[in-house]
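Heads up: the sequence shown runs through residues 1 to 289, numbered per full-length UniProt numbering.
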Amino acid sequence: MEQTQGFYDFCIPYNKDDKVLRPILEELVELGYKTIAIDQSFDHSKKEAGKRGSEMFPEPFGIEHLRKEFAGKLRILQRITILYVDANVSHAMSVSLNLRKFNLIAGQPKTDAALTHCCTTFNGDIITFDPVAGSRLLVHRKAYLIAVRRGMFFELKYAPAIADSNNRKDMIKVAQNYFTKAKSKNVIFSSGAAHEFQLRGPYDVANLAFIFGLSEDQGKNAIDRFCRQLFLRAESRRMGKTIMFVKSKGPIVFSDSSDSNQSDDEMDALAIKMEDGENSPAKKRLKIS
């Protein structure tokens, strides 16, 4: 499992031109971010009819050179955002091998039915929305609570709100909807920044909680603790069920923390008794035979 550190930004749009992407990563390092995700979008609603049942999701873009360049400074993950309109996306996701290569999977519904499916059935990690398309899709309370129980997280992107006032109004409307339906549970902040000047420091982003109806603790968790939980959930989804075996070396001493009367002399006597037991005649006869 990959190790991560806060602060987090799980939505940096991919750009094939490294001259555009590299300054964004350098600015993220300067601002104090430690774990980020390069995002690439795929519109499932525009799929070709002849590709039904086959691999239709793209492979992750090659960013190994950026990972090597920023090694020790940034943990760079890869994320895919799937735009879709109906529940048919579930079958395509279940048979896809390329999706397993991404660290994070986000769903961006384009209809009310897709939004309900994303909260209740979608096999991903993040529920996001398109700030440019407006706020016509609002989640219902029941679907929201189901998504929370499933461990899904709702994403708010602040960079589009900085670039355009209309996007800012839509983002506030969506955030207020999250607050009224379930007190803004499982909300994370991402940038969605296409330029380094749209980035903000983690503490400035946390202060957006007061605008979006979140508490102070929720604002801090939205860029740190919740993102860590999101990453761990995504890793468990990718790896599936695992079994761990623990093998001990040497004697195991079980102690009761509630019993504080046992002195150091008693522990020393116990150690001497164990050593004498190893040198007992029975032990020696066992070794000789």
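We put the CB at the ideal spot given by N, CA and C, even for glycine.
CB contact flag (residue i, residue j, <7 Å)
{"i": "Ile146", "j": "Thr120", "result": "yes"}
{"i": "Ala159", "j": "Ser191", "result": "yes"}
{"i": "Thr35", "j": "Arg67", "result": "no"}
{"i": "residue 314", "j": "Lys157", "result": "Only positions 1 to 289 of the chain appear in the structure, and residue 314 is not among them; the question remains open."}
{"i": "Leu99", "j": "Phe153", "result": "no"}
{"i": "Lys181", "j": "Arg237", "result": "no"}
{"i": "Ala194", "j": "Pro13", "result": "yes"}
{"i": "Leu199", "j": "Glu27", "result": "yes"}
{"i": "Arg150", "j": "Ala161", "result": "no"}
{"i": "Leu232", "j": "Ser184", "result": "no"}
Expected contact under 8 Å - CB spacing of residue i and residue j to nearest Å
{"i": "Val85", "j": "Ser45", "result": "5 Å"}
{"i": "Asn186", "j": "Val148", "result": "5 Å"}
{"i": "Ile127", "j": "Ile105", "result": "Rounded, the Cβ-Cβ distance is 11 Å, inconsistent with contact."}
{"i": "Ile172", "j": "Phe212", "result": "7 Å"}
{"i": "Ile63", "j": "Ile38", "result": "6 Å"}
{"i": "residue 297", "j": "Ile188", "result": "The shown model of the chain, from 1 to 289, leaves out residue 297, and the question about it has no answer."}
{"i": "Gly6", "j": "Asp224", "result": "4 Å"}
Assigned exposure category for residue i - 16 Cβ within 10 Å defines buried
{"i": "Tyr8", "result": "buried"}
{"i": "Lys16", "result": "exposed"}
{"i": "Cys11", "result": "buried"}
{"i": "Gly124", "result": "buried"}
{"i": "Asn166", "result": "exposed"}
{"i": "Arg136", "result": "exposed"}
{"i": "Ser90", "result": "exposed"}
{"i": "Met93", "result": "buried"}
{"i": "His65", "result": "exposed"}
{"i": "Phe197", "result": "exposed"}
{"i": "Gly240", "result": "exposed"}
{"i": "residue 304", "result": "This structure cannot settle anything about residue 304, because the visible part of the chain is limited to 1 through 289."}
{"i": "Asp170", "result": "buried"}
{"i": "Ser258", "result": "Low local confidence applies: a pLDDT of 48 at Ser258 is under 50, so the model's placement there is unreliable, with the coordinate-based value given in what follows. Exposed is the call here."}
Residue i versus the options, residue with shortest Cα-Cα distance
{"i": "Tyr144", "options": "Ala71, Asp164 and Phe122", "result": "Phe122"}
{"i": "Phe61", "options": "Glu55, Arg237 and Leu77", "result": "Leu77"}
{"i": "Leu97", "options": "Leu137, Ile211 and Glu59", "result": "Glu59"}
{"i": "Gly219", "options": "Leu232, Ile63, Glu69 and Val205", "result": "Val205"}
{"i": "Tyr178", "options": "Lys169, His195 and Glu155", "result": "Glu155"}
{"i": "Thr4", "options": "Lys73, Lys101 and Leu214", "result": "Lys73"}
{"i": "Leu31", "options": "Ala114, His65 and Tyr203", "result": "Tyr203"}
{"i": "Ala175", "options": "Phe70, Phe197 and Phe210", "result": "Phe210"}
{"i": "Tyr33", "options": "Asp170, Phe70 and Asp18", "result": "Phe70"}
{"i": "Arg228", "options": "Val95, Asn103 and Asp18", "result": "Asn103"}
{"i": "Asp43", "options": "Val29, Gly107 and Val95", "result": "Gly107"}
is_contact[residue i, chain B] using C-beta, thresh 7 Å
{"i": "Tyr158", "result": "Here chain B cannot be found, since the structure has a single protein chain."}
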